[in-house]
Amino acid sequence: MQKIAVIDIDNTLWDFASVLYDELIKINPNIPHPNDWYKWDFWIDYLDPKTFYEIISKIHKKQDIFGVYPDAKLFLSEIKKSGYKIIIASHREEESRIPTINWLNRNNLSFDELHLSFDKTVLLCSCNIVVDDSPQILQKAAEEGILATGLEFPWNRSNGFKLFKNLSQILAHLYKLRLL
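The numbers in our numbering rise by one with no breaks, and the one at position 3 of the sequence shown is 42.
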């Protein structure tokens with residue numbers, strides 16, 4: 040059976056939080072800085088859900104203009120080289136598919152499948168590794184016995200997962216565990 044790695048996009052392959060913050064402070068200048076986003080739904084006291092999700096959608100629909108973390112290309116290519124099927128998974132609307140594919144291709148990021156939906160957990164039944172920043176996704180993966188890891192942020196650091204400062208450190212961890 041083929042090994043599968045499910046890899047998130049936002050705050051995993053690129054710095055989504057900074058772009059989101061720049062957009063949020065245009066609406067409410069009292070939004071805390073990403074360094075102070077200690078809970079997943081930090082925004083709830085500052086914006087209504089409709090406005091918040093419209094901002095996220097706007098960013099996703101122009102995904103192809105943004106860069107990636109410096110080690111994103113190497114990270115994905117090493118996972119691919121180790122025989123994994125890479126499923127890039129993101130909580131996104133289907134309308135963002137083309138800009139997202141263009142972004143992946145423009146940045147030469149290895150992937151086999153792009154999964155856009157508001158329920159990434161449907162992918163967990165058949166994967167071996169999950170790399171995500173969402174504490175909920177990491178928790179669900181861990182409950183399923185899947186290696187769950189990601190980059191460390193204020194909103195996920197106190198949830199008991201093995202988190203890292205960059206993708207190169209995650210890669211080293213996967214090699215140490217002999218998963219690659």
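We put the beta carbon where it would ideally sit given N, CA and C, even for glycine.
A quick note: this is a predicted structure, and the numbers were derived from the prediction, not measured.
Handout entry: One or two residues paired with Gly106 in a DSSP bridge
Key = None; Gly106 has no bridge partner.
Problem - Delimiting residues of the alpha helix (DSSP H) encompassing Glu62 - result: 55-66
Handout entry: Whole-Å CB distance - Ile46 paired with Val170, under 8 Å assumed
Key = 5 Å
Problem - Asp49 (DSSP reduced to helix, strand or coil) - result: strand
Exercise for the section: Confirm, please, whether the CB-CB distance from Arg145 to Asp103 is below 8 Å. Expected result: yes
Exercise for the section: Verify the CB distance criterion: does Gln175 have a CB-CB separation below 8 Å to chain B? Expected result: Included in the structure is just one protein chain, with no chain B present.
Handout entry: Distance, Leu153 Cα to Leu59 Cα
Key = 22 Å
Exercise for the section: In the DSSP assignment, find the beta strand (DSSP E) that holds Leu155 and state where it starts and stops. Expected result: 152-155
Exercise for the section: Determine, using beta carbons only, whether Leu52 and Tyr108 come nearer to each other than 8 Å. Expected result: Yes, the Cβ-Cβ distance between Leu52 and Tyr108 is below 8 Å.
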